[in-house]
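Numbering (our numbering), first residue to last: 96 to 543. All C-beta atoms in this analysis are idealised placements derived from N, C-alpha and C, irrespective of residue type, glycine included.
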C-alpha cells in the first residue's frame, strides 16, 4: 500500500511538471511574440467567466454538480489560440476560491489539498496544451480564421475531444499506478458520463466566442450570464432546503442506530452495498443516487419502536415483533413530507417485503413484482445483518452469508439482485462506506 502511494506521488509530480512545462512554454511564446492589438477586455471577461464557472458549479441534482469552466476554455481557444488559453486557465486556477459544503468556509484549493490540486491543475493544463496542438493543426488544414463556420465547429470539436480524452486518460492512469481497476473498464464507465457534457460544451463555447467577437460583446455576455447566475442561485436554495430535510431525517436514522451499538453504521453500509449493486445492474446515475438515499433512510421508522424492544438481547415476543414490523410504514410517513421520488419511498416501505409476496407490510407488490429499489435494499440489508454482530448471535462469515443468500434467492430475495451482488461481493469493502473520491475530472460526469 505504501509503495502504491509512493508511485502515485511520483506520478502526480511528473504530471505537475508536464503542466508546468506547458505553461512556461506558452508564457515564453507570448513574451517573445506578444500579439499586436490584443483585446485585453475580452480576455479578462473570459478569465472572470472561467473563475465564476469553477467557483459556482452548476447544480443538476442534490449532491451532483457540473463544472462548466471548460466552456470559456473552448471560447478562449477559438478566439485567442493555445498560448493565451493555457496561461489564462493557470491564472484562473490561482484565483479560484472554493467553499466547503459542510463548514461553509471559503478556502484556496492549493493550500487546502495541495496534492489533489497539483494533480488537477497539471493534468488540465497539459491536456489543454495537447488539445491546442491538435486545434492549431486542424485550423491550418481547414483554413479556420474565425467566425461561425464548419471549420470553427471542426476545430472546437477536435480540441474539446482531444483535451477531455487526454484529461480522462491521465486521471485513470493515477488509479492504475496505484493498483486500481482495469483501464478499459474505467475508461468506458467515465466516457459514458463525459460524452453528454462534451456535446453541450462545444456549442456553448462557440456561442461565447461569437458573442465576444461582436461589437459590445462583453456587455452582451454579461446580460446573458446575469439571469443564468440568478437561476443557479435559486435552484441552489431549493436544493439546500431539500438537503436540509434529508439530513434531518438521516440524523434521526443515525440517532436510532446510536441507541444500539450492534447496528451502528448499518445504514451507511447498506447504502454502500446498495449503490454497488445498482451500478452492477447498470442502472442510470440518477436511479443509483435515489437507491442510495433510500438505503440511508430505510430504517428511520425505528424511531417509533420502544428502546426496550430495540435493545432486547433475546428473542422477541409476538407483540414486540408486530411493533418492529411497523417501522417501514412509520418510515414512509416520516419521509412523505419531503416529497422524495417513488423510488425512495418504495424502498423505505417495501425493503422487508419478500420477492414471493410475503414479509411485511402485508399489503404490497404481488409475487415477482417487487420494485427494484426495495429488492436491492433487501439483499444489502440481509447481508449486512448476517455479517454483523448481534446481542443474540455472532456475525456470520462471508461464505456462510453467501450460502444463505443463495438459499433464499427466488423466494425471499430477487434472484437477479442476489446474482449481481454475489458477482461483485469479492471486490467490495464496507470500510469505504463513507469514503470520498480525492480527484476530479475536467468535466465531472454527472451522476457518476
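Straight-line Cα distance separating residue j from residue i
i: residue 142; j: residue 199; result: 25 Å
i: residue 129; j: residue 179; result: 10 Å
i: residue 481; j: residue 194; result: 41 Å
i: residue 538; j: residue 434; result: Note on residue 538: pLDDT 47, under 50, position unreliable in the model; the coordinate value appears next. So the alpha carbons of these two residues sit roughly 30 Å apart.
i: residue 565; j: residue 437; result: For the chain, the structure presents residues 96 to 543; residue 565 sits outside this window and is missing.
i: residue 173; j: residue 223; result: 13 Å
i: residue 508; j: residue 458; result: 17 Å
i: residue 265; j: residue 132; result: 37 Å
i: residue 514; j: residue 273; result: 29 Å
i: residue 543; j: residue 285; result: For residue 543, the pLDDT reaches just 32, beneath the cut-off of 50, and the residue's location in the model is therefore unreliable, although a value from the coordinates is still provided. Their Cα atoms are separated by approximately 7 Å.
i: residue 171; j: residue 237; result: 19 Å
i: residue 364; j: residue 219; result: 34 Å
i: residue 466; j: residue 452; result: 12 Å
i: residue 419; j: residue 374; result: 31 Å
i: residue 317; j: residue 296; result: 19 Å
i: residue 100; j: residue 269; result: 10 Å
i: residue 229; j: residue 212; result: 26 Å
i: residue 368; j: residue 462; result: 24 Å
i: residue 254; j: residue 125; result: 20 Å
i: residue 247; j: residue 241; result: 7 Å
i: residue 442; j: residue 329; result: 30 Å
i: residue 400; j: residue 202; result: 43 Å
i: residue 483; j: residue 502; result: 19 Å
i: residue 411; j: residue 208; result: 50 Å
i: residue 359; j: residue 349; result: 8 Å
Given residue i as reference, the closest of the options once Cα atoms are compared
i: residue 446; options: 223, 460, 221 and 406; result: 460
i: residue 262; options: 505, 114 and 477; result: 114
i: residue 504; options: 272, 449, 239 and 458; result: 449
i: residue 140; options: 387, 125, 407 and 183; result: 183
i: residue 303; options: 265, 167, 516 and 267; result: 167
i: residue 525; options: 350, 370 and 112; result: 370
i: residue 148; options: 174, 188 and 127; result: 188
i: residue 544; options: 385, 137 and 126; result: Lying before the first or after the last residue shown, residue 544 is absent from the chain, which here runs from 96 to 543.
i: residue 233; options: 252, 242 and 217; result: 252
i: residue 366; options: 479, 192, 314 and 493; result: 479
i: residue 175; options: 269, 283, 305 and 294; result: 305
i: residue 440; options: 453, 385 and 282; result: 385
i: residue 118; options: 135, 401, 208 and 227; result: 227
i: residue 41; options: 423, 298, 417 and 214; result: With the chain represented from 96 up to 543, any question about residue 41 goes unanswered, as that position is not in the structure.
i: residue 145; options: 181, 346 and 121; result: 181
i: residue 313; options: 134, 216 and 424; result: 134
i: residue 301; options: 401, 122, 502 and 165; result: 165
i: residue 343; options: 397, 415, 502 and 430; result: 430
Residue i burial status per 10 Å Cβ neighbour count (16 or more: buried)
i: residue 477; result: buried
i: residue 362; result: buried
i: residue 413; result: exposed
i: residue 103; result: buried
i: residue 191; result: buried
i: residue 428; result: exposed
i: residue 185; result: buried
i: residue 506; result: exposed
i: residue 79; result: In the structure displayed, the chain extends from 96 to 543; residue 79 sits before or after that span and is not available.
i: residue 206; result: exposed
i: residue 279; result: exposed
Cutoff 8 Å: residue i Cβ touching any chain D Cβ
i: residue 168; result: Protein chain content of the structure displayed is limited to a single chain, and chain D is not contained in it.
Quiz item: In the region 471-530, which residue ranges form an unbroken alpha helix (DSSP H) of at least 4 residues, counting only runs that do not cross its ends?
Solution: 493-503 and 510-519
Quiz item: If we count Cβ pairs, one from each stretch, closer than 8 Å, do we get three or more for the region 247-262 versus the region 104-111?
Solution: no
Quiz item: Do three or more CB pairs link the region 380-400 to the region 458-476 at distances below 8 Å?
Solution: yes
Self-check item: Every unbroken alpha helix (DSSP H) within the region 369-454, with a cutoff of 4 residues, ordered by chain
Solution: 380-392, 402-405, 413-419, 422-431 and 437-445
Practice problem: Enumerate, from N- to C-terminal direction, the unbroken alpha helix (DSSP H) stretches of 4 or more residues contained entirely within the region 177-220. | Solution: 177-190 and 204-207
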